[in-house]
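Position in the sequence shown (first residue = 1) + 27 = my numbering.
Contents: one structure, followed by commentary.
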Amino acid sequence: PAPPPRPGERASAADLPRPPPVAVPSFDETARAAREMARAATTLEELRAALERFEGCNLKITATRLVFADGDPQGRVMLVGEAPGRDEDIQGLPFVGRSGQLLDRMLAAIGLTRNDVYIANVVPWRPPGNRTPTPQETAACRPFIERQIELADPDFLVILGTAAAKELLDSPEGILKLRGRWREFDTGRRKIRAMATLHPAYLLRQPLQKRLAWRDFLTLKAALEEERGANSEQG
28 PAPPPRPGER ASAADLPRPP PVAVPSFDET ARAAREMARA ATTLEELRAA
78 LERFEGCNLK ITATRLVFAD GDPQGRVMLV GEAPGRDEDI QGLPFVGRSG
128 QLLDRMLAAI GLTRNDVYIA NVVPWRPPGN RTPTPQETAA CRPFIERQIE
178 LADPDFLVIL GTAAAKELLD SPEGILKLRG RWREFDTGRR KIRAMATLHP
228 AYLLRQPLQK RLAWRDFLTL KAALEEERGA NSEQG
């Protein structure tokens, strides 16, 4: 060790005491904290507050604000995307940029508006440069979106894009193989009919694929009409 500085001498950096190391939570600890915080929320408002307190996703540091949800939480349809983009980060609402405008038109084509549905993202903070969320980022946020789906309790879940579909459907397949088929999303309390489709941002880059998304939205429309007819017969 270096000798202590003489009286009147300024201590060098080597003489100064080192700060204690900062403990960085492990991934398991982060996931456990996320599950506990999400489980403790009994309303969507409490879940939003829990996300505001959550420190386990590094995207929170670079994002402007939390982007929680938009639309009607009592709606029969819930749409879940991957993560906010630049416009969403500014406004604090999901799907308000160019991809959101396309989504609005897609909904209108089957007789719905964004006020009829509930819209959220797997990751509620914008990744830098609008990049795709990493598997670690989506996994850290997964307990919150699962709880959000459970609390909203929609009749139909539409999952937009590859990252969201892989995370929520626990499948390694790409979106072109996952899309267009009804599956089940188990909330623990009940099973919700879920279907993956192409993300509107992808459709803006690949407009020829809009025909596939149109088929998927027609599948959703048919399911809504079928359920509406069944309910009217029971009534």
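Backbone N, C-alpha and C fix where the C-beta goes; we use that ideal spot for every residue, glycine too.
Remember, it's a predicted structure, so these values are computed and weren't measured experimentally.
Worksheet entry | Residue closest to residue 212, alpha-carbon to alpha-carbon, out of 106, 144 and 252 | Out of 106, 144 and 252, 106 has the C-alpha closest to the C-alpha of residue 212.
Discussion item. Can you tell me whether residue 172 is buried or exposed? The criterion is at least 16 other CB atoms within 10 Å of its CB, across all chains shown.
Written reply: By the Cβ neighbour-count rule, residue 172 is buried, with 16 or more other Cβ atoms within 10 Å of its own.
Fill in: Three-state secondary structure (DSSP) of residue 215
Assigned with DSSP and collapsed to three states, residue 215 falls in coil, not helix or strand.
Fill in: Residue from 54, 136, 162 and 111 whose Cα sits closest to the Cα of residue 125
111
Worksheet item: Taking Cβ to Cβ, would you say residue 222 is nearer than 9 angstroms to residue 186?
Response: yes
Worksheet item: Looking only at C-alpha atoms, which of 151, 203, 167 and 251 sits nearest to residue 143?
Response: 251
Practice prompt. Could you tell me the distance, in whole angstroms, from the CA atom of residue 85 to the CA atom of residue 256?
Written response: 46 angstroms
Discussion item. Within 8 angstroms, do at least three Cβ pairs link the stretch 183-203 to the stretch 70-87?
Written reply: no
Worksheet item: Which whole-angstrom value describes the C-beta separation of residue 11 and residue 208, a residue pair presumed to lie in contact below a C-beta threshold of 8 angstroms?
Response: Because residue 11 is not part of the residues shown, which for the chain are 28 to 262, the question remains open.
Practice prompt. Mind checking which residues open and close the alpha helix (DSSP H) that includes residue 205?
Written response: 202-205
Discussion item. What does the alpha-carbon distance come out to for the pair residue 114 and residue 123?
Written reply: 6 angstroms
Fill in: Under the three-state DSSP convention, the category residue 139 falls into
Coil at residue 139, not helix or strand.
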